[in-house]
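Enquirer:
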Amino acid sequence: MTEEKRAHRPDLVLAGVPIWKGFLDEAAQRALLGEVRQVVRAAPMFSPRTPGGKPLSVQMTSAGRYGWYSDRQGYRYLPHHPSGTPWPEIPPEALDIWRTLFPAARAPDCCLVNLYRDGARMGLHQDRDEADFSQPVLSISLGDAALFRIGGPERRGPTRSVWLESGDVLALTGPSRLAFHGIDRIRFGSSRLLAGGGRLNLTLRVVD
Ligand code: MD6
Ligand code: FE
Numbered sequence: 022m023t024e025e026k027r028a029h030r031p032d033l034v035l036a037g038v039p040i041w042k043g044f045l046d047e048a049a050q051r052a053l054l055g056e057v058r059q060v061v062r063a064a065p066m067f068s069p070r071t072p073g074g075k076p077l078s079v080q081m082t083s084a085g086r087y088g089w090y091s092d093r094q095g096y097r098y099l100p101h102h103p104s105g106t107p108w109p110e111i112p113p114e115a116l117d118i119w120r121t122l123f124p125a126a127r128a129p130d131c132c133l134v135n136l137y138r139d140g141a142r143m144g145l146h147q148d149r150d151e152a153d154f155s156q157p158v159l160s161i162s163l164g165d166a167a168l169f170r171i172g173g174p175e176r177r178g179p180t181r182s183v184w185l186e187s188g189d190v191l192a193l194t195g196p197s198r199l200a201f202h203g204i205d206r207i208r209f210g211s212s213r214l215l216a217g218g219g220r221l222n223l224t225l226r227v228v229d
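Just so we're aligned, residue 22 is where the sequence shown starts under the numbering used here, counting upward by one.
Written out as structure tokens, the structure reads:
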């Protein structure tokens, strides 16, 4: 195996999901955070509602050609922010990670940004609003630690859990692309990266 390949071997694989612990050092986390702040300035965070009408506890925005959205009409991708303003460019530092770990994949056209303040969580779900499941979804964690739960392609199957910390990267790829997953809880205030505490999660996807 080449040095390059060895350098990008995941630190652990949980239920078929490769996880790179501490993929970003503190300087890289700060650089990416600066870029995410610019995204949020251009496309402010909002709390989407489930098709049932309940607001999610997570706040969201996006960058790229598409942004993920949800309301009474269902889950979907929008070509612009709900306010009508265009989505900003995907943060270059995030694109770099995608290209490093998945050089053969198509270019991502959405970077969904999730913000977890105290008490926010995300129920078990599949990412299946995209057209091409042969492409990975890459997740980058910044800020407070989060308990990530991962199962299989069926909601009722067994699950495993792992704490994701600032700078960790994981991917749903290959057989794990349609695995159920969610965030059970945040260890609020466990990181000092975000002023006021909380966690940011970026997911890069190919939508079309
Ligand atoms: C989160 N992550 O970490 C929620 N989706 O806040 C996701 O929903 C996710 O981590 C697709 C692929 C990887 C993920
Ligand atoms: Fe997801």
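We put the beta carbon where it would ideally sit given N, CA and C, even for glycine. All values derive from a computational prediction rather than experimental measurement.
Go ahead and pull the three-state DSSP assignment for Ala166.
Expert: Strand, per DSSP.
Enquirer: Between Pro174 and the rest of its own chain, which residues show a CB-CB distance below 7 Å, the 5 nearest in sequence each way excluded?
Expert: The answer, listed in chain order, is Leu199, Ala200.
Enquirer: Looking at C-alpha atoms only, which residue of Arg138, Leu77, Ile161, Ala192 is the closest neighbour of Ser211?
Expert: It is Arg138 whose Cα lies nearest to the Cα of Ser211.
Enquirer: Would you tell me roughly how many angstroms separate the C-alpha atoms of Glu56 and Arg86, rounded to the nearest one?
Expert: Looking at the two C-alpha atoms, the distance is approximately 17 Å.
Enquirer: Quick check: what's the CA-CA separation for Ser240 versus Arg127?
Expert: The chain is shown from 22 up to 229; residue 240 falls before or after that span and cannot be answered.
Enquirer: Give the DSSP bridge partners of Trp89, in chain order.
Expert: Tyr98, per the DSSP bridge assignment.
Enquirer: In terms of residues, what are the limits of the beta strand (DSSP E) holding Ala49?
Expert: No beta strand (DSSP E) holds Ala49; the alpha helix (DSSP H) holding it covers 47 to 63.
Enquirer: Between which two residues does the alpha helix (DSSP H) harbouring Leu122 extend?
Expert: Unbroken alpha helix (DSSP H) run through Leu122: 113 to 122.
Enquirer: Got a sec: does the ligand FE put a non-hydrogen atom nearer than 7 Å to the Cβ of His101?
Expert: His101: no, Cβ never under 7 Å from the ligand FE.
Enquirer: In terms of alpha-carbon separation, which member of Phe209, Pro39, Leu35, Met143 lies closest to Leu159?
Expert: The shortest C-alpha separation from Leu159 is found at Pro39.
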